[in-house]
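What follows is one structure encoded as structure tokens, with my remarks underneath.
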Amino acid sequence: MACHLRSATASVPSSPRSNEPGVEQQLQSLKTTISSPSANIDTMCDGLRSLRNINSSIEEMICTPSNQVILCQAMQRKAVEEELARSLVLLDLCNVMHESFIELKMTVQELLLALKRGDDATAQVKAYIQLTKAAHKQFKKVCKKTTDEKNCMVVKLLAEARLATTSLLESISGLLSKQIEMPKRALISKTSQKGKVVCEEEQLQALECSIRDLENGVELLFRRMIQSRVSLLNTLSS
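Residue 1 is where the sequence shown starts when you use full-length UniProt numbering, and the numbers rise one by one after that.
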């Protein structure tokens with residue numbers, strides 16, 4: 001896969017209220033994509049971009065005067081505060097993913113160096129797998145509770161977006177742990193043929209680019225979620 005950065009393409013709906021069905025459809029489509037057996041790095045990057053668009057649309061709903069009045073009502077306010085608390089855990093998870101991406105890129109570089117030297121890369125392979133497993137464990141800390149049916153549409157969409165984000169990040173973590181399995185045999189062998197080594201180098205370089213793409217996507221999503229969080233806080237304090 002070519003190494004490149006994907007740009008955000010947030011759409012601007014004409015009416016936040018009329019956009020509610022559209023956001024629900026996007027969330028449903030995203031769930032289908034995440035659960036697909038054929039999901040790969042490209043679909044994960046597309047999912048991150050879709051989540052940014054979803055968060056942007058929800059933020060526009062939050063900023064409408066009518067929704068701000070509703071969100072400040074006692075029952076809705078409590079639900080919003082709960083989502084704000086849960087969003088902090090999600091932001092922390094994004095930071096964990098960011099750190100994991102940095103370490104994974106370093107490990108891939110070590111794997112490439114070992115492969116070029118013809119060294120046994122068993123230790124590097126194990127380190128890569130351990131890194132992805134460590135990141136995967138962080139998802140146990142994320143609240144996967146759905147919202148109450150009595151909550152307004154904006155709160156429901158916030159909860160659905162949170163669940164979708166958790167599922168997508170978890171899928172990314174799981175997918176990355178599998179990526180090393182393909183070149184694993186050649187990497188831990190000192191007697192690999194030259195042509196096979198070149199092939200494994202290309203696979204590792206492609207994996208490094210994939211990690212960079214995912215890192216960029218998670219970073220942009222992180223910024224988008226921060227903006228949505230600020231809008232919610234401003235609404236409650238107005």
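Quick reminder that beta carbons are idealized off the backbone N, C-alpha and C, glycines included.
1) For a test of the three-state rule: what should DSSP assign to D213, helix, strand or coil?
2) What does the Cβ neighbour count give for V230, buried or exposed, with the cut at 16 atoms within 10 Å?
3) So that I know if they touch, is there some Cβ in chain C lying closer than 8 Å to that of K133?
4) Within the continuous alpha helix (DSSP H) that includes K78, where are the two ends?
5) Of the choices M75, L204, T64, I102, whose alpha-carbon is the least far from that of L116?
6) Would you say I70 and L232 are within 8 Å of each other, going by their C-beta atoms?
7) Classify N40: buried if its beta carbon has 16 or more other beta carbons within 10 angstroms, exposed otherwise.
8) Would you decide whether L214 is buried or exposed? Buried here means 16 or more other CB atoms lie within 10 Å of its CB.
9) For T33 versus G47, is the C-beta distance shorter than 8 Å?
10) Apart from the five residues just before and just after L131, which ones in its own chain have a Cβ nearer than 7 Å to its Cβ?
11) Looking only at its own chain, which residues have a Cβ that is under 6 Å from the Cβ of L176, when we skip the five neighbours before and after it?
12) Expressed to the nearest angstrom, what Euclidean distance is found between the alpha-carbon atoms of T122 and L90?
13) How would you call E149, buried or exposed, if buried means at least 16 neighbouring beta carbons within 10 angstroms?
14) Could you give the DSSP three-state label for P37: helix, strand or coil?
15) Please give the ranges of any alpha helix (DSSP H) in the region 44-78, keeping only runs that are unbroken, at least 4 residues long and fully inside the region.
16) Give me the Cα-Cα distance between E83 and L93, rounded to the nearest whole angstrom.
17) Would DSSP call E149 helix, strand or coil?
18) Are the beta-carbon atoms of S56 and L30 separated by less than 8 Å?
19) For Q109, which residues in the same chain have their Cβ closer than 6 Å to its Cβ, ignoring the five residues on either side in sequence?
20) Could you check the C-alpha separation between V218 and R52 for me, to the nearest Å?
21) Assign Q179 to buried or exposed, taking buried as 16 or more other Cβ atoms, counted over all protein chains shown, within 10 Å of its Cβ.
On the basis of the supplied data:
1) As a first step, residue 213 must be located in the sequence shown, where it is residue number 213. When secondary structure is reduced to three states using DSSP, D213 falls in the helix class.
2) Here the question's residue 230 lines up with position 230 in the sequence shown. Classification of V230: exposed, given that the 10 Å Cβ count is below 16.
3) Here there is only one protein chain, and chain C is not present.
4) Along the sequence shown, read from residue 1 onward, the residue named residue 78 stands at position 78. In the DSSP assignment, K78 falls within the alpha helix (DSSP H) that extends over 74-117.
5) On the sequence shown, position 116 is the one that residue 116 refers to. Looking at the sequence provided, one finds Lys at residue 116 rather than Leu. Comparing Cα positions, the closest option is L204.
6) Walking along the sequence shown from the start, residue 70 turns up at place 70. Walking along the sequence shown from the start, residue 232 turns up at place 232. Not closer than 8 Å, so no.
7) Taking the first residue of the sequence shown as position 1, residue 40 is located at position 40. Answer is exposed; the Cβ neighbour count stays below 16.
8) What you label residue 214 is simply residue 214 of the sequence shown in a count that begins at 1. Buried is the call here.
9) In the sequence shown, the residue the question calls residue 33 occupies position 33. In the sequence shown, the residue the question calls residue 47 occupies position 47. Contact flag set, yes.
10) The residue you call residue 131 lines up with position 131 of the sequence shown. Cβ neighbours of L131 within its own chain (closer than 7 Å, five residues either side excluded): S100, E103, L104, T107.
11) Residue mapping note: residue 176 aligns to position 176 of the sequence shown, counting from 1. Same-chain partners within the cutoff: T132.
12) Reading the sequence shown from its first residue, position 122 is the one you call residue 122. Reading the sequence shown from its first residue, position 90 is the one you call residue 90. The straight-line gap from Cα to Cα measures roughly 33 Å.
13) Against the sequence shown, residue 149 aligns to sequence position 149. E149 is exposed by the Cβ-count criterion.
14) Numbered from 1 along the sequence shown, position 37 holds the residue referred to as residue 37. Three-state result, P37: coil.
15) 65-71
16) Along the sequence shown, read from residue 1 onward, the residue named residue 83 stands at position 83. Along the sequence shown, read from residue 1 onward, the residue named residue 93 stands at position 93. Answer to the nearest angstrom: the Cα atoms are 15 Å apart.
17) Numbered from its first residue, the sequence shown carries residue 149 at position 149. Note: E149 maps to coil in three-state DSSP.
18) Taking the first residue of the sequence shown as 1, we reach residue 56 at position 56. Taking the first residue of the sequence shown as 1, we reach residue 30 at position 30. No.
19) As a first step, residue 109 is located in the sequence shown; it is residue number 109 there, counting from the start. For Q109, where only same-chain residues beyond five positions count, there are no Cβ hits under 6 Å.
20) Mapped onto the sequence shown, residue 218 falls at position 218. Mapped onto the sequence shown, residue 52 falls at position 52. Going by the C-alpha atoms only, they are around 10 Å apart.
21) Position 179 of the sequence shown holds residue 179. Answer is buried; the Cβ neighbour count reaches 16.
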